[in-house]
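Its first residue numbered 16, the sequence shown is counted upward by one per residue in the numbering used here.
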Amino acid sequence: PTPNDNPKEEDGNKGLDMHHDSSEATLNVCLGRDNFTSGGLRFCGRFGDSDHRTASHVYNHTKGHAVLHLGRHRHGADDISDGERINLILWARNSAYRGAAAFGNVALDGSPHQKELG
């Protein structure tokens, strides 16, 4: 099937649901286009914290600017108003930290060991 045959296929202009990344840090660079009108980048609490679903900040991306945030910081992207969204996303991972997580010394991605509620 072609991408248009799948109604769940993203077209790049739609938002992105709230999520956290499997990284220690995430860099999100807005490359945009000249006619790009921002859709907000929404942040909530950090995954594993009691306020992880509480909205805390909306950042309006502009072409040529970047946001650096913790991977476990829950975030999502709003629909854009006009133009085309083009972002460069870099996920930074630390192999020593992840090795410690593999042995149970620290929780990977800041995830709690117990099941998340809410």
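Even glycine gets a Cβ: it sits at the ideal position worked out from N, Cα and C. All figures in this text were calculated on a predicted structure; none of them were measured in a lab.
Residue-level contact to chain C via CB, residue i, 9 Å cutoff
i: R68; result: Of the chains in the structure shown, none is chain C; there is only one protein chain.
Reduced DSSP category for residue i - H, G, I as helix; E, B as strand; rest coil
i: H34; result: strand
i: R57; result: strand
i: K130; result: Reliability fails at K130, whose pLDDT of 49 lies under 50, so the model's placement of it is uncertain and the value that follows must be treated cautiously. Coil, per DSSP.
i: R68; result: coil
Range of the contiguous beta strand (DSSP E) that encloses residue i
i: H84; result: 81-85
i: H88; result: 88-92
i: H72; result: 72-75
i: D43; result: Here the sequence assigns Asn to residue 43, which means Asp is not the residue at that position. Where N43 is concerned, the enclosing beta strand (DSSP E) stretches over 40-45.
Those residues which DSSP pairs with residue i across a bridge
i: F62; result: F62 is not bridged to any residue.
i: N102; result: C45
i: A107; result: A40
i: T52; result: D97
Cβ pair residue i, residue j closer than 9 Å
i: G47; j: G79; result: yes
i: M33; j: R57; result: yes
i: N50; j: D97; result: yes
i: G86; j: S37; result: yes
i: N43; j: A81; result: yes
i: L105; j: T52; result: no
i: R100; j: H35; result: no
Residue i CB to nearest heavy atom of the ligand NAD below 8 Å
i: I104; result: As for the ligand NAD, it is missing from this structure, which has no ligand bound.
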